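K.L.:
Have a look at the structure that comes next, please.
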Amino acid sequence: MKREATERSHYLAMDFITLFFLFSAIFTASAQQIQSNVSRSSSLTPTTNSTWLSRSGLYAFGFYKQGNGYAVGIFMAGIPEKTVVWTANRDDPPVSSNATLLFASDGRLVLQMGQEQVAVVAESSGSASASMLNSGNFVIYNSDQGIIWQSFDHPTDTLLPGQRLLAGHEIVSSTSETQYSTGIFRLKMQTDGNLVQYPVNTPDTAPYAYFATSAGGLGDNVTLNFDADGHLYLLNATGFNIRNLTDGGYPTKETIYRTTIDVDGIFRLYSHNLKQNGNWSIVWLPSSDLCAPKGLCGLNGFCVLNDRKASCACLPGFEMVQQGNWTAGCERNFTVESCKSNDGDIKYNMQEVANTIWEDASYSALTVPFKGSCAQACLEDCNCEAVLFKDRTCQKQRLPLRYGRRQLTDSTIAFIKVSTSTPTPTTPNGNILKENKKELRVSILIISASVGALGCMMLVISGIVFYKNHFRYKKLSCEGNVELSDDFAPRSFTYSELEKVTDGFREEIGRGAFGSVFKGALWNGQKVVAVKRLEKVLAEGEREFQTEMKLLKPDQTKTFTVGIRGTKGYVAPEWHRKLPITVKADVYSYGIMLFEIICCRKSVDWNLPEEESVLDEWVCDCFQSGNLTKLVGNEEADKKQVERMVKLGLWCIQDDPSLRPSMKKVLLMLEGTVDIPIPPKPDSFLSTI
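Under mature numbering (1 follows the signal peptide of the UniProt record, and there is no 0), read the sequence shown as residues -31 to -1, 1 to 658, first letter to last.
Dropping the structure here:
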């Protein structure tokens, strides 16, 4: 009970002080209205009679210097540091020295820049007089001394004591310390009772907020109030104080206050001692995290907090768009190749930036075990420009990257795709962004040990194989000329000799693509041999046999090239076109085999209807028509999995070898680590033979 009584007494005291200030302000305003009126037809020019002063001489309404011209606003003229607190038509360009600010005969306040150029400062038709008050409020009255327009109702980036920020209204930062046009941050008194800060041009939703009083749901007409003692607080519709932002104190004539949403997006309360003629002092700010404002460093930049000071830097591979203006952001310092380019040369690598985050606008999210796998997935994805890796989640993103910042308490690791010629970036304090050296040393040690062990193993195996082969052939040469000549060249046999050796081709021990293999015996049964009898396609089988015989010759060179190998329907088109043969030929065969597994049938079956006889053409037609269920028949199968496998197979059988993925990438596609794009339609099987 005692505590409740104390709190009730505190609120009564606060209400009394508030009413006292309100009555004082009303009384003071009435006195100023009488003594500092501006009559209609009065005018100002930038060079002569440029302002209307308040009675105290502290505030002035009129022209002030802006760049190469002048702007109209309210500023503090009674202190050495002339501070602008309000600007009329803030986004209009500065005017020349020939401009005139006129309190017209019809009661409007207009800015004349020529004979026909007129900008309305205050739409106040029917007014009788105006006044610059000691509070910093410029007001326009009707003939009954009623206020019909006042600058306090149209704040720009600053609030003064006695001024309120009404529900649904906001103040917006300036572009720079000397340019007062609209900046990139705003402070809004929301209709739900929550005072929130956002970047400009964003929705009033939580993901974009970087400061909030968390007073939502407390009424529709909550206002931000500012007293002469520096007290900032929220009042609901009934006048009840629901939140104190600052404590305030006792008002003095020597100290003045203002609150401003500054260029860096921070909402600050300032004080100034009129007797000391010093600079403005910061009394309060909602957070010491000066990197909290979202968008402070522009697109593709990030904020770093050093000694409680915010500084900006571009991500690796980027540079400032406009020197000295971080809000313009950063742009690539190299030319990015088009995704349609088939150039196989490696032009990019992934640059790690630890403890760095930005807005989550990912187009794909993967689950991978290691950060290296995440970086590799982005490197192999043409559309990927950057990834965020945390807790085995890999988020791919495109440019631009917004709201970047470094946060040492966050374990997120960022990777940026950069050109291989991109220099190592530096942080704002000049230190080079470094990899984790300990992790690098451990990785090098493990790789070196593995390579060494593998090398020793290969050396031992090679020695054993060499010794066995050398001993075997040395023994053969000593036993005499059984079936080979002195130089180990193949010896020819007649058909009748082979028929006799195999006892009339009686015992079949195997069957190949072009013939059967039979058991035979030479040298009175002391040497067992295998004899292959060619069947069906004679020319093809003959070429294969000749190739096998050539491999037995002792004069092999490193540039020896074998003939075409494989069964028709599986071999890649380049075999038939006499083009260079690469490892991509095996990828083609794998694609055909994958189709056979999916469809449970041979690659070529002339017993089926004509449109289904060639497997790869039938699969392609079904994929193009979106009828993949025909491929699996009545079997139950995951449609998405079937579609993934079909797309992978179609990539593998592309007519152009450069379009086929590597087997490493095939494995990544099978695992789901790499997305499988829509493949182009391959050429007809029949066109390749």
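Where a beta carbon is used, it is the ideal one built from N, C-alpha and C, also for glycine.
Nothing here was measured: the structure is a model prediction, and the numbers come from that model.
DSSP has T325 in a bridge; who is on the other side?
P.N.:
The count along the sequence shown starts at 1 and reaches residue 325 at position 356. In the DSSP output, where bridge partners are listed per residue, T325 has R375.
K.L.:
Taking the C-alpha atoms as reference points, what is the distance between K501 and A490?
P.N.:
The residue given as residue 501 occupies position 532 in the sequence shown. The residue given as residue 490 occupies position 521 in the sequence shown. Computed Cα separation, rounded: 13 Å.
K.L.:
At which residues does the beta strand (DSSP E) containing R59 begin and terminate?
P.N.:
On the sequence shown, residue 59 is found 90 positions in, with the first residue counted as 1. Taken as a continuous stretch (DSSP letters only), R59 belongs to no beta strand (DSSP E), as it is neither H nor E.
K.L.:
Quick one: complete beta strand (DSSP E) runs, 3+ long, within the stretch 252 to 278?
P.N.:
270 to 275
K.L.:
Taking contact to mean 3 or more Cβ pairs, one atom from each stretch, closer than 8 Å, check whether the stretch 367 to 377 and the stretch 263 to 271 are in contact.
P.N.:
yes
K.L.:
Drop a sphere of 10 angstroms on the beta-carbon of D455, count the other beta-carbons inside from all chains shown, and report buried for 16 or more, exposed for fewer.
P.N.:
The residue you call residue 455 lines up with position 486 of the sequence shown. Confidence in D455 is poor, its pLDDT being 42 and thus under 50, which makes the residue's placement too unreliable to answer from.
K.L.:
Taking C-beta to C-beta, are I109 and A91 nearer than 8 Å?
P.N.:
Counted from its first residue, the sequence shown places residue 109 at position 140. Counted from its first residue, the sequence shown places residue 91 at position 122. When the beta-carbon positions are compared, I109 and A91 come within less than 8 Å of each other.
K.L.:
Would you give the residue range spanned by the alpha helix (DSSP H) that Q35 belongs to?
P.N.:
As a working note, residue 35 is residue 66 in the sequence shown. Segment 28 to 35 is the beta strand (DSSP E) holding Q35; no alpha helix (DSSP H) there.
K.L.:
Rounded to whole angstroms, what's the CA-CA distance from W575 to S582? Just pull it up for me.
P.N.:
As a first step, residue 575 must be located in the sequence shown, where it is residue number 606. As a first step, residue 582 must be located in the sequence shown, where it is residue number 613. One C-alpha to the other measures close to 5 Å.
K.L.:
With DSSP as the reference, label Q610 as helix, strand or coil.
P.N.:
Against the sequence shown, residue 610 aligns to sequence position 641. Here Q610 sits in helix by DSSP.
K.L.:
Please tell me whether D196 and G217 are closer than 8 Å, where the distance is taken between their beta carbons.
P.N.:
Position 227 of the sequence shown, counted from the start, is the residue given in the question as residue 196. Position 248 of the sequence shown, counted from the start, is the residue given in the question as residue 217. Yes, the Cβ-Cβ distance between D196 and G217 is below 8 Å.
K.L.:
Using 8 Å as the threshold, is the stretch 382 to 390 in touch with the stretch 352 to 364, meaning 3 or more CB pairs across them?
P.N.:
yes
K.L.:
In the DSSP assignment, find the alpha helix (DSSP H) that holds C589 and state where it starts and stops.
P.N.:
As a first step, residue 589 is located in the sequence shown; it is residue number 620 there, counting from the start. 584 to 594 is the span of the alpha helix (DSSP H), which, as asked, contains C589.
K.L.:
What is the DSSP secondary structure of P646, counted as helix, strand or coil?
P.N.:
Indexing the sequence shown from 1 puts residue 646 at position 677. Three-state DSSP puts P646 in coil, outside helix and strand.
K.L.:
I want to know whether the stretch 151 to 165 touches the stretch 128 to 140 - three or more CB-CB distances under 8 Å.
P.N.:
yes
K.L.:
Could you check what DSSP says for S572 in three-state terms: helix, strand or coil?
P.N.:
Residue numbering aside, residue 572 sits at position 603 when the sequence shown is read from its first letter. S572: coil per DSSP, three-state reduction.
K.L.:
Per DSSP, M101 forms a beta bridge with which residues?
P.N.:
Mapped onto the sequence shown, residue 101 falls at position 132. The partner list for M101 (beta bridge, DSSP) reads F107.
K.L.:
Assuming V601 is part of the alpha helix (DSSP H), what are its boundary residues?
P.N.:
The sequence position of residue 601 within the sequence shown is 632, counting from 1. First-last of the alpha helix (DSSP H) with V601: 598 to 601.
K.L.:
Quick check on the DSSP output: the beta strand (DSSP E) that includes G479 runs from which residue to which?
P.N.:
Sequence index remark: in the sequence shown, residue 479 carries index 510 (1-based). First-last of the beta strand (DSSP E) with G479: 477 to 480.
K.L.:
Where does W21 fall in DSSP's three states?
P.N.:
Here residue 21 is taken as the residue at index 52 of the sequence shown, counted from 1. In this structure, W21 counts as strand in the three-state DSSP scheme.
K.L.:
How about G270 and C260: do their beta carbons lie closer than 8 Å?
P.N.:
By 1-based counting over the sequence shown, the position of residue 270 is 301. By 1-based counting over the sequence shown, the position of residue 260 is 291. Cβ atoms of G270 and C260: not closer than 8 Å.
K.L.:
Between the alpha carbons of L423 and I433, how many angstroms are there, rounded?
P.N.:
Sequence index remark: in the sequence shown, residue 423 carries index 454 (1-based). Sequence index remark: in the sequence shown, residue 433 carries index 464 (1-based). When rounded, the separation of the alpha-carbon atoms in L423 and I433 is 16 Å.
K.L.:
In the structure shown, what three-state DSSP assignment does L134 receive?
P.N.:
Residue mapping note: residue 134 aligns to position 165 of the sequence shown, counting from 1. Strand.
K.L.:
Identify every residue that forms a DSSP beta bridge with P168.
P.N.:
For the purposes of this step, residue 168 is identified with residue 199 of the sequence shown, where counting begins at 1. P168 pairs with F154.
K.L.:
Pull up the distance between the alpha-carbon of E(-25) and that of D61, whole angstroms please.
P.N.:
Here residue -25 refers to the residue found at position 7 of the sequence shown. Here residue 61 refers to the residue found at position 92 of the sequence shown. Summary for E(-25): the model assigns pLDDT 40, below 50, so the residue's position carries little reliability, and this model does not support an answer.
K.L.:
Suppose you measure from the CA of Q364 to the CA of Y149; what does that come to, to the nearest Å?
P.N.:
Translated into positions along the sequence shown, residue 364 becomes position 395. Translated into positions along the sequence shown, residue 149 becomes position 180. Near 39 Å, if we compare the C-alpha coordinates of Y149 and Q364.
K.L.:
By DSSP, does P394 sit in helix, in strand, or in coil?
P.N.:
What you label residue 394 is simply residue 425 of the sequence shown in a count that begins at 1. Caution applies to P394, whose pLDDT of 49 falls short of 50 and renders its modelled position unreliable; the model cannot decide the point.
K.L.:
For S142, does the three-state DSSP call read helix, strand or coil?
P.N.:
Taking the sequence shown and counting its residues from 1, one reaches residue 142 at position 173. S142: strand per DSSP, three-state reduction.
K.L.:
V53: which of F564, T127, P63 sits nearest, CA to CA?
P.N.:
Residue numbering aside, residue 53 sits at position 84 when the sequence shown is read from its first letter. It is T127.
K.L.:
Rounded to whole angstroms, what's the CA-CA distance from T296 to S390? Just pull it up for me.
P.N.:
Here residue 296 is taken as the residue at index 327 of the sequence shown, counted from 1. Here residue 390 is taken as the residue at index 421 of the sequence shown, counted from 1. Answer to the nearest angstrom: the Cα atoms are 27 Å apart.
K.L.:
Can I326 and D379 be called in contact, C-beta distance under 8 Å?
P.N.:
For the purposes of this step, residue 326 is taken as residue 357 along the sequence shown, with counting starting at 1. For the purposes of this step, residue 379 is taken as residue 410 along the sequence shown, with counting starting at 1. It is a contact, given that the beta carbons lie within the stated cut-off.
K.L.:
Assign D350 to one of two classes, buried (16 or more other C-beta atoms within 10 Å of its C-beta) or exposed (fewer than that).
P.N.:
The residue labelled residue 350 in the question sits at position 381 within the sequence shown. Label assigned to D350: buried.
K.L.:
Report the option in K437, S100, E85 whose CA atom is closest to the CA atom of R24.
P.N.:
The residue labelled residue 24 in the question sits at position 55 within the sequence shown. Ranking K437, S100, E85 by CA distance to the CA of R24 puts S100 first.
K.L.:
Within the chosen definition, does the stretch 585 to 603 reach the stretch 562 to 574 through at least 3 CB pairs nearer than 8 Å?
P.N.:
Two segments are said to touch when three or more pairs of C-beta atoms, one from each, lie closer than 8 Å; by this definition the stretch 585 to 603 touches the stretch 562 to 574.
K.L.:
For F44, write down the residues that DSSP places opposite it in a beta bridge.
P.N.:
As a working mapping, residue 44 is identified with position 75 in the sequence shown. DSSP, once it has assigned bridges, lists A29, V53 as partnering F44.
K.L.:
What did DSSP end up calling F(-9) once you bin it into helix, strand or coil?
P.N.:
Indexing the sequence shown from 1 puts residue -9 at position 23. Annotation note: pLDDT 43 at F(-9) (below 50); position unreliable, coordinate value reported separately. If DSSP states are grouped into helix, strand and coil, F(-9) belongs with the helices.
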